[in-house]
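A.B. asks: Below is a structure I'd like to ask you about.
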Amino acid sequence: MNPKAPKVTLETKMEFLLITPKGKVYTFHLQSVAETYQQAYGGTLTDHSITSTKECQTSIEVDQSGQVFRKSLTIH
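What follows is the structure in structure tokens.
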């Protein structure tokens, strides 16, 4: 081992998310692999640096026959 060689460490666990047009979510640790899957399947590629978490509430009301007649999403 060369004592003058720089020490390399990987301290960041970056995750890339691919959300396909059908809504399937894939998680990758290598950007190049995520981009390859995006080329194959389409969709949106993102990483955690541009995502955010918001608290939300969903409400779905159905009638007696089971048909949905009201849906709502409230973001707080």
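Quick note: to get this note's numbering, add 312 to the position in the sequence shown (first position is 1).
A virtual CB, placed ideally from N, CA and C, is assigned to each residue, including glycine.
Grouping DSSP H, G and I as helix and E and B as strand, with all else coil, what is glutamate 323?
C.D. replies: For glutamate 323, the pLDDT reaches just 47, beneath the cut-off of 50, and the residue's location in the model is therefore unreliable, although a value from the coordinates is still provided. Note: glutamate 323 maps to coil in three-state DSSP.
A.B. asks: Quick one: Cα of serine 344 to Cα of leucine 329, how far?
C.D. replies: Each residue's Cα considered, the two are about 12 Å apart.
A.B. asks: Name the residue from Glu367, Glu347, Gln351 and Lys334 whose alpha carbon lies nearest to the alpha carbon of glutamate 327.
C.D. replies: Per the Cα distances, Glu347.
A.B. asks: Take aspartate 375 and list the residues in its own chain whose beta-carbon comes closer than 7 Å to its own, dropping the five residues that flank it on each side.
C.D. replies: Counting only Cβ-Cβ distances below 7 Å, and skipping sequence neighbours, we find Phe381.
A.B. asks: For isoleucine 372, which of helix, strand or coil comes out of DSSP?
C.D. replies: Three-state DSSP puts isoleucine 372 in a strand.
A.B. asks: Identify which residue in Gly354, His341 and Leu342 has its Cα closest to the Cα of glycine 335.
C.D. replies: Comparing Cα-Cα distances from glycine 335 to each of Gly354, His341 and Leu342, the minimum goes to Gly354.
A.B. asks: On the DSSP bridge list, what partners appear for lysine 383?
C.D. replies: Answer is Ile372, bridged to lysine 383.
A.B. asks: Taking the alpha helix (DSSP H) that threonine 332 belongs to, which residues open and close that run?
C.D. replies: Neither: threonine 332 is in no alpha helix (DSSP H) and is coded neither H nor E.
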